[in-house]
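Novice: First, the structure itself, so that you have it in front of you.
In the numbering used here, the protein residues as written are 607 to 1016.
What follows is the structure, encoded as structure tokens:
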């Protein structure tokens, strides 16, 4: 059985507590009922608590949760939240004994990694802390391997985050030994003469109009577009949407584990990598050239946006193999129907494309930035050429022609 779940917590012994996504509606309904039933403070009169006794606990967020007594120690009790898994020490005044809702099974499931042996035969504290930091409140994919011998035992599972096996990843980090490490190469470092490459984005058929966003402008005529994921109609667009969502999740996980990925030592042109952008996040990129030798500075292009960055080697890392299965999201295109104006007298020009003025570039930015655009492919060879329309269904370059910054090119 395979299902999606949210990790609620990781226990001190490495037990992973999960809440299946299918349970979320029922859990939210139960939580609402508990809040309506219990109001105010906990039990303020003396009470003789017993280990294993059912109760409700007022959490730090002031909500009431189902729990059970794990240990009694004076005025403080150790309780386990049975629908979340985690254990806390709570003053008695925040608890209330109850038999309400004891007939409803716990919504979280205790799990252990299938055929995975921690170093030293138990999960060390640093490994538990790492698991907690990596997994808590994150959505993961669960593959059930073995059922427990008794109803309160641990479910044996394989857990996948962003396409990576948790057992394989923890073995890669030397926290454990996993019997099945077949997908450890997904974290792999590319070696030898094999030069990996990204897949290209499939495009709609010429003549078909489709929604796009412009992610980067090189000049008024040369831009990078992405198929708009908010309104997918054709099979090509729906496939692109699936790829975009899967890529976003995989990149989110990669940002969590990026410090475990090795720095680049190979600087071949077009080599895929992960690069850190100015926002502090890591994105898919490819190497273009070495711009400086001391210290080394590399020109990279972010393949899902089209933007460029000169970065030191400290901001470049090897890319996990599974990130290569997603096609590049940004497509370089040329806009048809116009050319630079021979009468554009603006002195400030684009340094790398001096036939265009900077005013023409900024005018085009205003025409496309944050706008709902649509496109139609005219040719795919030798360059992908499109007609680009604004939200008013007019060609976006008409504004430049009106201002004398461009002229029609039939």
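C-beta: ideal position from N, C-alpha, C; glycine also. What you are looking at is a predicted structure, and each value in this text was computed from that prediction instead of being measured.
Helix, strand or coil for residue 853 per DSSP?
Specialist: Helix, per DSSP.
Novice: Taking the beta carbon of residue 882 as the centre, do at least 16 other beta carbons fall within 10 Å, making it buried, or is it exposed?
Specialist: Answer is buried; the Cβ neighbour count reaches 16.
Novice: Nearest CA to the CA of residue 989: which residue from 886, 829 and 951?
Specialist: Considering only alpha carbons, the answer is 829.
Novice: Using only CA atoms, which one of 805, 711 and 741 lies nearest to residue 687?
Specialist: Of the listed residues, the one whose Cα sits closest to residue 687 is 711.
Novice: Expressed to the nearest angstrom, what Euclidean distance is found between the alpha-carbon atoms of residue 661 and residue 699?
Specialist: One C-alpha to the other measures close to 12 Å.
Novice: Going straight from the alpha carbon of residue 1008 to that of residue 995, what length do you get?
Specialist: C-alpha separation (whole angstroms): 16 Å.
Novice: Go through the segment 952-989 residue by residue and report every complete run of the beta strand (DSSP E) that reaches 3 residues or more, in order.
Specialist: Qualifying beta strand (DSSP E) stretches, in chain order: 959-963 and 979-985.
Novice: Specify the secondary structure class of residue 635 as computed by DSSP and reduced to three states.
Specialist: Three-state DSSP puts residue 635 in a helix.
Novice: Let me know the secondary structure DSSP gives residue 657 once reduced to three states.
Specialist: Note: residue 657 maps to coil in three-state DSSP.
Novice: Beta-carbon within less than 7 Å of residue 800's beta-carbon, same chain only, minus the 5 sequence neighbours each way: which residues are those?
Specialist: Confidence in residue 800 is poor, its pLDDT being 49 and thus under 50, which makes the residue's placement too unreliable to answer from.
Novice: How far does the alpha helix (DSSP H) with residue 629 in it extend, from its first residue to its last?
Specialist: Unbroken run through residue 629: none, as it is neither H nor E.
Novice: Count the other CB atoms, across all protein chains shown, that sit within 10 Å of the CB of residue 924; report buried if there are 16 or more and exposed otherwise.
Specialist: Buried is the call here.
Novice: Could you check if residue 999 is buried or exposed, using at least 16 other CB atoms within 10 Å of its CB as the buried criterion?
Specialist: By the 10 Å Cβ count, residue 999 comes out exposed.
Novice: Closer than 8 Å is the cut-off here; do at least three beta carbon pairs connect the segment 895-909 with the segment 845-865?
Specialist: No, because fewer than three Cβ pairs between the segment 895-909 and the segment 845-865 fall closer than 8 Å, the two stretches do not touch.
Novice: Do residue 723 and residue 616 come within 8 Å of each other at the CB atom, strictly closer than that value?
Specialist: No. Outside cutoff.
Novice: Is residue 965 closer than 8 Å to residue 1004 when the C-beta atoms are compared?
Specialist: No; because the gap between Cβ atoms is not below 8 Å, this pair is not in contact.
Novice: Note down the Cα distance separating residue 797 from residue 870, rounded to an integer number of angstroms.
Specialist: At residue 797 the pLDDT is 42, less than 50, meaning the model places this residue with poor confidence and gives no usable figure here.
Novice: Is the beta carbon of residue 831 sitting closer than 8 Å to the one on residue 824?
Specialist: No.
Novice: Check this for me: beta carbons of residue 717 and residue 624, under 8 Å apart or not?
Specialist: For residue 717 and residue 624, yes; Cβs fall inside 8 Å.
Novice: Assuming residue 963 and residue 1013 are in contact, meaning their beta carbons sit under 8 Å apart, how far apart are those beta carbons, in whole angstroms?
Specialist: Going by Cβ atoms, the distance from residue 963 to residue 1013 rounds to 13 Å, so no, they are not a contact pair.
Novice: Can you name the start and end residues of the alpha helix (DSSP H) that residue 824 belongs to?
Specialist: Looking at the DSSP string, residue 824 is not in any alpha helix (DSSP H), and its letter there is neither H nor E.
Novice: Go to residue 766, then tell me how far its beta strand (DSSP E) extends in each direction, as first and last residue.
Specialist: Taken as a continuous stretch (DSSP letters only), the beta strand (DSSP E) holding residue 766 covers 761-767.
Novice: What is the rounded straight-line gap between the Cα of residue 961 and the Cα of residue 906?
Specialist: So the alpha carbons of these two residues sit roughly 25 Å apart.
Novice: Considering residue 734, what are the terminal residues of the beta strand (DSSP E) in which it resides?
Specialist: Run containing residue 734: none in the beta strand (DSSP E); it sits in the alpha helix (DSSP H), 731-741.
Novice: For residue 767, would you say it is in contact with chain C, using Cβ-to-Cβ distances shorter than 8 Å as the test?
Specialist: Here chain C cannot be found, since the structure has a single protein chain.
Novice: Which of helix, strand or coil does DSSP assign to residue 1015?
Specialist: Coil at residue 1015, not helix or strand.
Novice: Grab me the residues of residue 719's own chain with a C-beta within less than 6 Å of its C-beta, minus the 5 sequence neighbours each way, in chain order.
Specialist: Here the set comprises 773.
Novice: Taking the alpha-carbon positions, what's the residue 945 to residue 969 distance?
Specialist: Between residue 945 and residue 969, the C-alpha separation is close to 14 Å.
Novice: Could you tell me the distance, in whole angstroms, from the CA atom of residue 766 to the CA atom of residue 670?
Specialist: About 31 Å.
Novice: Can the beta-carbon of residue 685 be found closer than 8 Å to that of residue 657?
Specialist: Not closer than 8 Å, so no.
Novice: Write down every uninterrupted run of the beta strand (DSSP E) in the segment 642-715 whose length is 3 residues or greater and which is fully enclosed by it, in chain order.
Specialist: Runs found: 660-664, 670-679, 682-687, 693-697 and 701-703.
Novice: Return the chain-ordered list of same chain residues with a C-beta closer than 7 Å to the C-beta of residue 689, the five sequence neighbours on each side being excluded.
Specialist: Hits under 7 Å: 633, 671, 672, 712, 713 and 714.
Novice: Assuming contact is defined by CB atoms lying nearer than 8 Å, are residue 591 and residue 818 in contact in what I supplied?
Specialist: For residue 591 there is no data in the structure shown, the boundaries of the chain being 607 and 1016.
Novice: Count the other C-beta atoms from every protein chain shown that fall within 10 angstroms of the C-beta of residue 872, then say buried if there are 16 or more, exposed otherwise.
Specialist: So residue 872 ends up on the exposed side.
Novice: Kindly identify the DSSP beta-bridge partner or partners of residue 881.
Specialist: Per DSSP, 889 and 922.
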